[in-house]
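Colleague:
Numbering (the numbering used here), first residue to last: 1 to 134.
#1: Going by DSSP in three states, residue 48 sits in which element: helix, strand or coil?
#2: Looking at the secondary structure, which residues open and close the alpha helix (DSSP H) in which residue 111 lies?
#3: Would you identify the three-state DSSP class for residue 31, choosing helix, strand or coil?
#4: Once DSSP output is grouped into helix, strand and coil, what is the label at residue 18?
#5: Determine the direct distance from the alpha carbon of residue 52 to that of residue 10, and round the result to whole angstroms.
#6: Once DSSP output is grouped into helix, strand and coil, what is the label at residue 79?
#7: Please state whether the Cβ-Cβ distance between residue 99 and residue 121 is less than 8 Å.
#8: With a threshold of 16 other CB atoms inside 10 Å of the CB of residue 35, please say whether the residue is buried or exposed.
#9: Please report how far the alpha carbon of residue 95 lies from the alpha carbon of residue 40, in whole angstroms.
#10: To the nearest angstrom, how far is the alpha carbon of residue 92 from that of residue 15?
#11: Who are the near neighbours of residue 25 in its chain, counting only those whose CB is closer than 8 Å to its CB and skipping five residues on each side?
#12: State the DSSP-derived secondary structure class of residue 8, mapped to helix, strand or coil.
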C-alpha cells in the first residue's frame, strides 16, 4: 500500500495488529508497526494499547518496553492507559524499576496518571522495597 502511495488509517493499523496478534504473532506485529513508524506511515490517533497488552500477556514486556521507548523518543502518542498496561506488564515481570521509569516519563510529559496507574506504580515501588517506609 505504501509503495503505491496510499496511506494507512487508524482502522488499517488496528486490523493489522488484531489479525497478527490473533494468530499469536505479537512480535511480528510489533516489528511491522515499528517499521511503519520509521516510514511515517502510522497515523496520529493509533492506540498502542492492544499491542502492549498482548505482548505483556505473552511475557514479552521487554519487547513492549522497547517499542514504548522508541515511540516515546519519536514523540508519538502513547496513551495513559497504554502506559498503565505497560507498567503492569513490567511489574508482573518483576521489572519494577522500569515500571517506575514509565511513570516518571508520564509525569515529566504532564500526563496525569489515573488511580490504576498510581496503584500500579506504588505496588512496583513496594515490590522493589523503594517506598522508604522501612
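C-beta atoms are modelled at their ideal positions from N, C-alpha and C, and glycine is treated no differently.
Modeller: Checking against the coordinates, here is how it stands:
#1: Along the chain shown, read from residue 1 onward, the residue named residue 48 stands at position 48. Coil at residue 48, not helix or strand.
#2: If you number the chain shown from 1, residue 111 lands on position 111. Taken as a continuous stretch (DSSP letters only), residue 111 belongs to no alpha helix (DSSP H), as it is neither H nor E.
#3: Your numbering for residue 31 matches position 31 in the chain shown. Residue 31 falls in the helix class under three-state DSSP.
#4: Looking up residue 18 in the chain shown gives position 18. Residue 18 falls in the helix class under three-state DSSP.
#5: Numbered from its first residue, the chain shown carries residue 10 at position 10. Numbered from its first residue, the chain shown carries residue 52 at position 52. One C-alpha to the other measures close to 16 Å.
#6: Here residue 79 is taken as the residue at index 79 of the chain shown, counted from 1. Note: residue 79 maps to coil in three-state DSSP.
#7: Position 99 of the chain shown holds residue 99. Position 121 of the chain shown holds residue 121. For residue 99 and residue 121, yes; Cβs fall inside 8 Å.
#8: Stepping through the chain shown from its first residue, residue 35 is reached at position 35. Exposed.
#9: The count along the chain shown starts at 1 and reaches residue 95 at position 95. The count along the chain shown starts at 1 and reaches residue 40 at position 40. If I take the Cα positions, the gap works out to 31 Å.
#10: As a first step, residue 92 is located in the chain shown; it is residue number 92 there, counting from the start. As a first step, residue 15 is located in the chain shown; it is residue number 15 there, counting from the start. When rounded, the distance between both Cα atoms is 28 Å.
#11: Here residue 25 refers to the residue found at position 25 when the chain shown is read from its first residue. Answer for residue 25: no residue qualifies.
#12: As a first step, residue 8 must be located in the chain shown, where it is residue number 8. Reduced to three states, the DSSP call for residue 8 is coil.
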